[in-house]
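Worksheet: the structure to be examined is printed underneath.
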Ligand SMILES: C[S@@+](CC[C@H](N)C(=O)[O-])C[C@H]1O[C@@H](n2cnc3c(N)ncnc32)[C@H](O)[C@@H]1O
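In structure tokens:
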């Protein structure tokens, strides 16, 4: 049913360097060339019954769908490409993420943990949604699996590195010949949708329950070191991956099945394009 609706409403928009499709990514991907993309940053639905508008987040054949989808997508990637797959283990099924990635044709090159904190005015004010449970602690992190064809593709330590405090930068540059430290595989990145006043309100206009913080996408693209390839997000949601690709001067393709989310993604990209205050959420 969803496939049928998506086929009927497939729309393509070109905004800046981004090409956005409203449709089912299974179908859209078939029409895109092989050996085409340099980087994927994406978070598929997790099959946990989240309220995603048109898409129903409860499938009996979820793992089979995801395995066959990502294995087909790997043909669309350049040999030296990078896939950053963001997924979250559940309390009942802590191993499902490994079940998925271990059945993919591409190799795990790095595993990142995204520690999801709530930050207000530069201070950490919490980590996840406040749990009401008397038994269980709520989840405050997610995986980002970095998959590559052979598990040994070159990355950029410099682009993804963390700058020294300005106070020490000059001295360290003299001592070590660089102004940054390499990143590690645990990333503390705050939500943009919680605790940021007007930023959250504007983002929540998209009424999407699982929006990437832009920093997360930026960090992934910087690990890849990509400077001129095409970035893909086949589960685009509110368009964050294309938005960040645009900010980094990269071409992107994004695919979203839900017309409301798709329209919201277009609005975000257009706002960036029109340079309305740089970005309407800044
Ligand atoms: C976890 S959300 C991605 C959110 C996104 N990272 C953002 O920053 O807004 C997953 C998205 O995949 C979409 N989706 C589900 N099945 C799809 C399909 N077959 N083709 C395209 N999009 C799909 C859902 O509507 C949902 O918006």
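In the numbering used here, the protein residues as written are 1 to 282.
For glycine and all other residues, C-beta sits at the position ideal for the given N, C-alpha and C.
- In the pairwise beta carbon analysis, the segment 61-75 is classified as not touching the segment 257-265: fewer than three pairs are separated by under 8 Å.
- A straight line joining the alpha-carbon of residue 103 with that of residue 45 spans about 18 Å.
- By a beta-carbon distance limit of 8 Å, residue 136 does not contact residue 88. Their separation comes to about 15 Å.
- When only Cα atoms are considered, residue 262 and residue 192 end up about 19 Å apart.
- Cβ atoms of residue 38 and residue 226 come within 8 Å of each other, at about 5 Å.
- Pairing residue 27 with residue 235, the inter-Cα distance amounts to about 13 Å.
- Burial is judged here by how many other beta carbons sit within 10 angstroms of a residue's own beta carbon; residue 21 has at least 16 and is buried.
- Under the DSSP assignment, residue 260 falls outside any beta strand (DSSP E), being part of the alpha helix (DSSP H) whose first and last residues are 259-273.
- Minimum Cα-Cα distance from residue 53 among the listed residues 108, 17 and 207 corresponds to 207.
- Per DSSP, the continuous beta strand (DSSP E) segment holding residue 117 begins and ends at 107-120.
- In the structure shown, residue 20 adopts extended strand secondary structure according to DSSP, grouped into three states.
- Nearest neighbour of residue 105 by Cα position, chosen from 74, 176 and 85, turns out to be 74.
- Proximity of the beta carbon of residue 235 to ligand 1 is indicated: a heavy atom of the ligand is located closer than 7 Å.
- Ranked by Cα distance from residue 92, the options 139, 215 and 271 are led by 139.
- Bridge partners of residue 42 according to DSSP: 85.
- In this structure, residue 223 lies near residue 155, with their beta-carbon atoms less than 8 Å apart.
- Approximately 19 Å separates the beta-carbon atoms of residue 210 and residue 231; this is outside 8 Å, ruling out the contact.
- When C-beta atoms of the segment 151-170 are compared with those of the segment 180-187, three or more pairs fall below 8 Å, so the two segments count as touching.
- In this structure, 145 is the residue among 79, 145, 124 and 173 with its C-alpha nearest to the C-alpha of residue 109.
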